[in-house]
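Novice:
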Amino acid sequence: MKECTVRECTIIKEKLTDLKEYKVADRFKDLKKEQKVEMLKRMFQIRYFEMEVEQFILKGQIYGTCHLYIGEEANAVGAMNAIRKNDWIVSHHRGHGHCIAKEADLKLMMAELIGKGNGYCKGKGGSMHIADMDTYNLGANGIVGGGMGVAVGASLTNKLKKNDGVVIGFIGDASTNNGIFHESLNLASVWDLPLIFYCENNQYGMSTPIIKSTRIKRISDRKASYNVKGVTIDGNNIVDVFNTVSHFAEVCRKGEGPVLIEALTYRQRGHSKHDSQVYRTKDEVEQWKEYDPIVRYREFLIESGIISEDEAKKIEEKAIEDIKAAAAFAEASPYPDLSELETDVYAD
Amino acid sequence: MSELTYLEAIRDGIREVMKEDERVFLIGEDIGLYGGSFGLTNGLFAEFGAERVRDTPISEAAIIGASAGAAVTGMRPILEIMFSDFTACGMDQLLNQAAKIRYMFGGKAKVPMVLRTASGGGAGFGPHHSQSWEAIFAHIPGLKVVMPSCPYDAKGLLISAVRDNNPVIFLEHKVLYKNKKYAQEVPEGIYTIPLGKAEVKRQGKDLSIVASSYMVQKSLEAAEELSKQGIDCEVVDLRTIRPLDIDTVMASVEKTGKLLCVEEACSFGSFMGEVITQVIEKGFDYLDAPPIRIAGKNCPVPYSYILEQEMIPNVDRIKDGILKVLGKN
Ligand SMILES: Cc1ncc(C[n+]2csc(CCOP(=O)(O)OP(=O)(O)O)c2C)c(N)n1
Ligand SMILES: [Mg+2]
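As given, the protein sequences belong to chains X and W, one line each in that order. Reading the first sequence from the start, the letters are residues 1 to 348 in my numbering. Reading the second sequence from the start, the letters are residues 1001 to 1329 in my numbering.
1. Are the C-beta atoms of X/G142 and some chain W residue less than 7 angstroms apart?
2. Taking just the CA atoms, how far does X/P258 sit from X/D192?
3. Please determine if the segment 1248-1256 of chain W and the segment 1193-1209 of chain W are in contact, where contact requires at least 3 C-beta pairs separated by less than 8 angstroms.
4. Nearer than 6 angstroms: is that true of the beta carbon of X/G145 relative to any heavy atom of ligand 2?
5. Name the chain W residues that come within less than 7 angstroms of X/P336, Cβ to Cβ?
6. Which value, in whole angstroms, describes the spacing of the CA atoms of X/R7 and X/T157?
7. Thinking C-beta only, is X/G123 closer than 7 angstroms to X/P336?
8. When the Cα atoms are used, what is the spatial distance from W/Q1278 to W/S1119?
9. Can you check which of these residues, X/S304, X/A347, X/Y291 and X/S339, is closest to X/A74 by C-alpha distance?
10. Are the Cβ atoms of W/M1082 and W/E1008 separated by less than 7 angstroms?
11. With 7 angstroms as the C-beta to C-beta threshold (strictly closer), list the residues of the segment 1137-1159 of chain W near chain X in chain order.
12. Going by DSSP, name the residue or residues bridged to W/P1077.
13. Please identify the residue among X/D87, X/F300, X/V345 and X/E331 whose C-alpha is closest to the C-alpha of X/R53.
14. Under the DSSP definition of a beta bridge, which residues are partnered with W/R1242?
15. Determine the burial state of X/Y35: buried for a count of at least 16 other Cβ atoms within 10 Å of its Cβ, exposed for fewer.
16. Between the segment 176-191 of chain X and the segment 127-142 of chain X, do three or more beta carbon pairs fall short of 8 angstroms?
17. If you run the structure through DSSP and keep just helix, strand and coil, what is X/R298?
18. Report the option in W/F1125, W/K1019, W/R1076 and W/S1270 whose CA atom is closest to the CA atom of W/S1084.
19. Judging by CA-CA distance, which residue of W/F1045, W/A1138 and W/C1233 is the nearest neighbour of W/K1258?
20. Under 6 angstroms from any heavy atom of ligand 1, does the C-beta of X/C199 make it?
21. With 7 angstroms as the limit, tell me which residues of the segment 109-132 of chain X have their beta carbon closer than that to any beta carbon of chain W; keep them in chain order.
22. Checking contacts by CB at 7 angstroms: is X/M206 closer than that to chain W?
23. Just to confirm my understanding: we take W/A1135, look at its own chain, exclude 5 residues before and 5 after, and list those with CB closer than 7 angstroms. What are they?
24. Among W/I1058, W/I1010, W/M1091 and W/A1071, which one has its Cα closest to the Cα of W/L1044?
25. Can you name the residues of chain X whose CB is closer than 9 angstroms to the CB of W/P1313?
26. Let's see if you can read the secondary structure: which residues bound the alpha helix (DSSP H) around X/R42?
27. Could you tell me whether the Cβ atoms of W/V1072 and W/G1122 are closer together than 7 angstroms?
28. Given W/V1236, which residues of its chain have a CB within under 8 angstroms of its CB, disregarding the five upstream and five downstream residues?
29. Counting along the chain, where does the beta strand (DSSP E) carrying W/E1263 start and finish?
30. Any Cβ of chain W within less than 7 angstroms of the Cβ of X/Y198?
31. Less than 7 angstroms between CB atoms is the rule here; does X/Y69 satisfy it with respect to chain W?
32. Out of W/I1014, W/V1315 and W/D1012, state which residue places its alpha-carbon closest to the alpha-carbon of W/E1225.
33. Under 7 angstroms Cβ to Cβ from X/I315, same chain only, skipping five residues before and after it: list those, please.
34. Applying the criterion that 16 or more other CB atoms from any shown protein chain within 10 Å of the CB defines a buried residue, is X/S262 buried or exposed?
35. At a Cβ threshold of 7 angstroms, is W/I1058 touching chain X?
36. Reducing DSSP to helix, strand and coil, say where X/G169 ends up.
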């Protein structure tokens, strides 16, 4: 793995390698090759999915807005591989990556994004609301912080049912300044809930650098307020993500949650469909691209002899193929039937 | 005088009141350098600086509460909540604090603040970014609710809202913001349109259409189209829904004898239900036909274009409504 030394991020100047103040076991090395390969495949799928979405945006087929996950793939894929398929997750507005990492159907996702009737939400939700109960995904959210309370409730169910499930609530750095964050983590703390708040600190909330909206240096410093465990990791290093989430998922399953993980990462694209990006320099973006999570993981797998250059290429090509198929499916799909408009408001 | 879009006219109004009154300041998310999610506050940061154009963390409750607190102690904040749906995160501060402070303090305080926010659907933003919540706000004693339909009104109403001594919810329609089709000549400098004063936007004798915000534009289109068939509709733009200028509505209904209310919000428990009730209570005898509403369907605002268009009233549905009230279909 290419180590980031001094990350000249305008926000946090320091060695990301110094972040490992919290030692966790290297469980990644014990994974079967298939899973390691699978992780690379998912990362590529997310990357190419989002690039295809950009094409749909250019063609005017994404109505409203959407938020791309490009540059943050290691978080979703690393975290999801560290939990079980039937562990619930809650996502946020930048949710495509979480869906894909949770093994959602790419075709149904793409169909939803362009408003088709066979999409995940029958065209009713769009990018900010894709949810998939079958893959234990409680969905993206249009409200910043909107999923946090829901995540607490899902982990309460685990506790009440006395199963050893764990819930991951993915949250953005800037969302931690909304009141619901405080209420949620405090409640999870007093009830010892099996909940991981996984904070993707991509340095900005829309145009606002996190250092301007928050006076603490680390989002994970907030752990002190709730007397919970917390740690900051390199979110562009999938091995770190995997190992950290594996460790804390076990902590939660033993009844010692909740946990606050902060992962430093970067969104390589604008905040949403419309973003002039006046708030950051091209230089900053380029510097972070040097720590692109996919490039790093791909090189790591090759350098450590886990896969060959050729295999890596095939994995990438297969991901591109998957995405093309999803896009073609979505384009060929019908728009929703108007009779669907007022259905699904109430359950029977 | 220059041709301004709705968004530009509101910005112009903000600039004027900021120049006029040092107590006025802006507070909201990404409104500074970035100029706001829709670019409405573009340039104001450069002109007035960070003290008076205050970027905040994502903290709607604190934004609304801080505005109320500043207002009650002598300032005149204009706060921006990016999408009206997000006011939900600050509802206690708005409905229990800002709205009630004056009454609870026995009339000894005032809360002059303006909550500007982008309301309504039709732009594909989906269920959490497209709602029309005017009925919720208007239901609460202590709040005033403004819903401008055009650039000229928007600027004049904004200035009045800032000068008003009460919390005012200023609902801006996101579809109107940048649409050149609705751009208008807007005078430079200060002018005001009083809160609580409706305006007849189109004179007619056959039927009264009552609407606000974007639905005024749709209603005018429908009226125009039907005029070719010899149907002569009057269109009353409420402009402010609370206080409600029921007198202007009654005068129109007295003249035409027929009432159609048009609104984008879900019909169940809607604001136009209030208008129709008041008309019936005050002037049942004026009515020659049962009044009806053309309103949003009773579901969240869906994402997909064709579903969203079906949910929100369009010109055809308004035309159907007109014909129905007139007994012509
Ligand atoms: C309650 C609420 N306030 C504001 C917004 C508008 N908004 C959407 S995303 C966003 C920034 C969120 O930043 P962060 O949580 O760091 O996530 P990121 O976008 O960086 O992934 C804002 C302000 C919203 N959707 N909901
Ligand atoms: Mg962020």
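A virtual CB, placed ideally from N, CA and C, is assigned to each residue, including glycine.
Specialist: According to the structure shown:
1. Yes, its Cβ sits closer than 7 angstroms to a Cβ of chain W.
2. Each residue's Cα considered, the two are about 6 angstroms apart.
3. Enough Cβ pairs lie closer than 8 angstroms, so yes.
4. Relative to ligand 2, even the nearest heavy atom lies 6 angstroms or more away from the CB of X/G145.
5. Within 7 angstroms Cβ-Cβ: S1304, I1306 and L1307.
6. Because the pLDDT of X/R7 is 43, which lies under 50, any placement of that residue in the model is unreliable, and the number read from its coordinates should be weighed accordingly. Spanning the alpha carbons of X/R7 and X/T157 requires a straight line of approximately 41 angstroms.
7. Yes, they are a contact pair.
8. Roughly 25 angstroms separates the two Cα atoms.
9. When X/S304, X/A347, X/Y291 and X/S339 are compared, the shortest CA-CA separation from X/A74 is found for X/Y291.
10. No, they are not a contact pair.
11. Taking 7 angstroms as the Cβ-Cβ cut-off against chain X, none of the residues of the segment 1137-1159 of chain W qualify.
12. In DSSP, W/P1077 forms a bridge with W/F1025.
13. Residue 53 of chain X is actually Val in this sequence, not Arg. Here the closest residue by C-alpha is X/E331.
14. Its beta-bridge partners are W/V1145.
15. According to the sequence provided, residue 35 of chain X is Gln. The question's Tyr does not apply to it. The Cβ neighbour count for X/Q35, taken over all protein chains shown within 10 Å, is under 16; the residue is labelled exposed.
16. No: fewer than three Cβ pairs fall under 8 angstroms.
17. In this structure, X/R298 counts as helix in the three-state DSSP scheme.
18. Checked all of W/F1125, W/K1019, W/R1076 and W/S1270; the closest Cα to W/S1084 is W/F1125.
19. Looking only at W/F1045, W/A1138 and W/C1233, the smallest Cα-Cα distance to W/K1258 is reached by W/C1233.
20. Incorrect: X/C199 has no Cβ contact closer than 6 angstroms to ligand 1.
21. Closer than 7 angstroms at the C-beta level to chain W, one finds these residues of the segment 109-132 of chain X: G115, G123, K124, G125, G126, M128 and H129.
22. At a cut-off of 7 angstroms between beta-carbon atoms, X/M206 makes contact with chain W.
23. Result list for W/A1135: A1265, G1269, S1270 and F1271, in chain order.
24. Looking at the Cα atoms, W/I1010 is the closest of the given residues.
25. The contacting residues do not exist; W/P1313 stays about 13 angstroms from chain X at best.
26. For X/R42, the enclosing alpha helix (DSSP H) has its first and last residue at K33 to L58.
27. Cβ distance not < 7 angstroms, so W/V1072 and W/G1122 don't count as in contact.
28. Correct list, in chain order: A1198, E1199, V1200, K1201, S1208, I1209, V1210, A1211, T1248, V1249 and S1252.
29. Element bounds for W/E1263: L1259 to C1266.
30. Chain W, which has no Cβ nearer than 7 angstroms to the Cβ of X/Y198, makes this no.
31. No, because no Cβ of chain W sits closer than 7 angstroms to the Cβ of X/Y69.
32. When W/I1014, W/V1315 and W/D1012 are compared, the shortest CA-CA separation from W/E1225 is found for W/V1315.
33. The residues are V37, L40, K41 and F44.
34. Before going on, a small fix: residue 262 of chain X reads as Glu here, not Ser. By the neighbour-count rule (16 or more Cβ atoms within 10 Å), X/E262 is buried.
35. Using a Cβ-Cβ cut-off of 7 angstroms, W/I1058 counts as an interface residue toward chain X, since at least one Cβ of chain X sits closer than that to its own.
36. Looking at X/G169 - three-state DSSP - the assignment turns out to be strand.
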